[in-house]
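Structure first, then comments.
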Amino acid sequence: MSGPKGTTIVSRLPQVAIVGRPNVGKSTLLNRIIGRRDAIVEEKPGVTRDRQERVAEWGGVQFRVVDTGGWEAEPGDPISVAVRKQAERAIAEADVIVLVCDAGVGPTEEDAAAARLVRKSGVPCVLAVNKVDAAKAEVDLADFWSLGVGEPRPVSALHGRRSGDLLDAVVESLPDDASESSAQTEGSEQVAASVAVVGRPNVGKSTLFNRLCGDERSIVHDAPGTTRDSVDTVVEFEGSVWRFVDTAGLRRRAKVDDRTEYYSRVRALHSLARAEVALLVVDATEGVTFADQKVAEEIEGAGCAAVVLLNKWDLLDQHEKLAVAEEAAERLHFMGWAPVLRVSAKTGQNLHRLDRLLRAVLESYRKRVPTAAVTKVVEDAQQRHPAPIASRGRTRIRYATQVRHSPPTFTLFANRRLPASYQRYVERSIREAFGFDGTPIRLAVRTRK
Numbered sequence: 007m008s009g010p011k012g013t014t015i016v017s018r019l020p021q022v023a024i025v026g027r028p029n030v031g032k033s034t035l036l037n038r039i040i041g042r043r044d045a046i047v048e049e050k051p052g053v054t055r056d057r058q059e060r061v062a063e064w065g066g067v068q069f070r071v072v073d074t075g076g077w078e079a080e081p082g083d084p085i086s087v088a089v090r091k092q093a094e095r096a097i098a099e100a101d102v103i104v105l106v107c108d109a110g111v112g113p114t115e116e117d118a119a120a121a122r123l124v125r126k127s128g129v130p131c132v133l134a135v136n137k138v139d140a141a142k143a144e145v146d147l148a149d150f151w152s153l154g155v156g157e158p159r160p161v162s163a164l165h166g167r168r169s170g171d172l173l174d175a176v177v178e179s180l181p182d183d184a185s186e187s188s189a190q191t192e193g194s195e196q197v198a199a200s201v202a203v204v205g206r207p208n209v210g211k212s213t214l215f216n217r218l219c220g221d222e223r224s225i226v227h228d229a230p231g232t233t234r235d236s237v238d239t240v241v242e243f244e245g246s247v248w249r250f251v252d253t254a255g256l257r258r259r260a261k262v263d264d265r266t267e268y269y270s271r272v273r274a275l276h277s278l279a280r281a282e283v284a285l286l287v288v289d290a291t292e293g294v295t296f297a298d299q300k301v302a303e304e305i306e307g308a309g310c311a312a313v314v315l316l317n318k319w320d321l322l323d324q325h326e327k328l329a330v331a332e333e334a335a336e337r338l339h340f341m342g343w344a345p346v347l348r349v350s351a352k353t354g355q356n357l358h359r360l361d362r363l364l365r366a367v368l369e370s371y372r373k374r375v376p377t378a379a380v381t382k383v384v385e386d387a388q389q390r391h392p393a394p395i396a397s398r399g400r401t402r403i404r405y406a407t408q409v410r411h412s413p414p415t416f417t418l419f420a421n422r423r424l425p426a427s428y429q430r431y432v433e434r435s436i437r438e439a440f441g442f443d444g445t446p447i448r449l450a451v452r453t454r455k
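In the working numbering, the protein residues as written are 7 to 455.
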């Protein structure tokens, strides 16, 4: 798959891939290494599917640690096949591999098959025998030498026991120039913005994400809920650097009845809260649904800039295109400030226009306006349409100022409370005057006699 013209994945740090069969604690180990709970962890196989990349540091050396789904020698379904391919990609691209096994189970045939794959790759390997929660359990590790990938290193990813020793071994196995590369990279990987790809399940978010990355970073399948955790990749295209974040499909909270899906939703909302720009992906063949409206409300609540993408546009005839465009304008009227782009993630149609739109909405999102200019616009707005007369006299805004950006937030100083309808009028006046396209605007009113 090729992305927009000029797309390249930006990655200057050495890569450490965490691999192994399902349910041996790979995601728990990732969380331990990076020092926070970023990856979803559950006591059942198959929770992790896509490659998860995070930046870690140990002993003054930075590296990218890549969590992978459970590698199976004989996957039994299409999604498991895709998970295996993702893991094998991580192995092929790694500078060091951490092969994780379960001390409580001992070396299995699946572990042996994974070890053969690692040996064949020729990449340096650190063998982590997980779930060793006490010193007395270390005497049972001799059998793991049979895997042929070096010394078994005991660790408890859950409790952190001997995780420092494991990381020492990982750093020692990195290429000789890893420390120099890390020093050069620190502070130099400038990212224009974090862009969250959001939407309800099965609208084409992962297909879009892969197209933008120019790489099969997320697993794509017709089954809804294929993406479970947020997957992010820093990419460069059309001269800009962006961090695109693929998220799990957002469903109404009342319909989230599975723990894994619950945490997927939490991760998606967390990614949205941290993003500067949201790409709301809508399946144009189904139109704008109530679920799409709820996702749009989440975007507005998060306060990030946004672009609405009507995906699968190439599958509509002319009459359907007109109907969907009108429907989008009507049902997403509360987010009317967000530009709409008609695209096909599968074919790449119109995606070359996305960079320009992202630049524009990000500029609006970060824009600052002088107090004098804001006050002049508000005064002119009041002259055109004065505020309603209250029981104690006319309401008037004395002056206005921008108190922060990202998103643009203004405080209006008035002699009385302003009706909500008049606040919306003032907001429109400010937006039109300064070109705040693609970003929400926040207004606060302070009363002074």
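Think of the CB as a built atom: it goes at the ideal place given N, C-alpha and C, for glycine as much as any other residue.
For residue i, the three-state DSSP class (helix, strand or coil)
i	result
E144	helix
E336	helix
L180	coil
D323	coil
A351	coil
I447	coil
W248	strand
W64	strand
S435	helix
F107	Correcting the residue type first, residue 107 is Cys in the shown sequence and not Phe. Note: C107 maps to strand in three-state DSSP.
L275	helix
V89	helix
G1	A question about residue 1 goes unanswered here, because the residues of the chain that appear run from 7 up to 455.
L328	helix
C131	strand
F69	strand
R365	helix
E78	coil
Residue nearest to residue i in terms of C-alpha spacing, selected from the options
i	options	result
S200	V124, V138, A281	A281
A406	G309, L363, V432, A396	V432
T239	V283, R60, S427	R60
E94	R448, E303, G76	G76
L418	T377, I395, P394, A396	T377
D465	A308, A344, A331, A290	Since the displayed the chain opens at 7 and closes at 455, residue 465 lies outside it and no answer follows.
G128	R337, D139, A98	A98
Q429	R402, F250, R90	R402
W248	I395, V288, R362	R362
F440	A420, K142, W343	W343
A202	S152, H276, W151	H276
A396	A420, H411, S412	A420
A143	L153, A109, W151, S152	A109
Cβ-Cβ distance between residue i and residue j below 8 Å
i	j	result
V72	I24	yes
V124	V155	yes
V176	V104	yes
V135	V161	yes
E157	E116	no
Q68	L19	yes
L360	L347	yes
A393	R404	no
P345	V375	no
L278	E304	yes
A96	T114	no
V22	R90	no
R159	L133	yes
Assumed close pair residue i, residue j - CB separation to whole angstroms, cut-off 8 Å
i	j	result
V367	T445	6 Å
V330	G293	6 Å
C131	G26	That pair is no contact at about 11 Å.
P414	K373	6 Å
V283	A302	Incorrect: roughly 14 Å between the Cβ atoms, too far for contact.
Separation of residue j from residue i, as counted between CA atoms
i	j	result
L173	S179	10 Å
G220	S350	15 Å
R422	R390	19 Å
G170	A118	26 Å
T253	A297	16 Å
I447	N356	28 Å
G210	V380	41 Å
K126	A100	13 Å
D149	E80	23 Å
E49	S33	With a pLDDT of 44 at E49, under the threshold of 50, the modelled position of this residue cannot be trusted, and the question is left open.
N37	G166	10 Å
R437	G309	15 Å
R217	A121	32 Å
E3	G41	Nothing can be reported for residue 3, as the shown portion of the chain is limited to 7 through 455.
L328	L214	23 Å
S370	R206	26 Å
V30	L316	40 Å
V87	R434	51 Å
S427	E242	42 Å
R452	Q408	13 Å
K382	H411	19 Å
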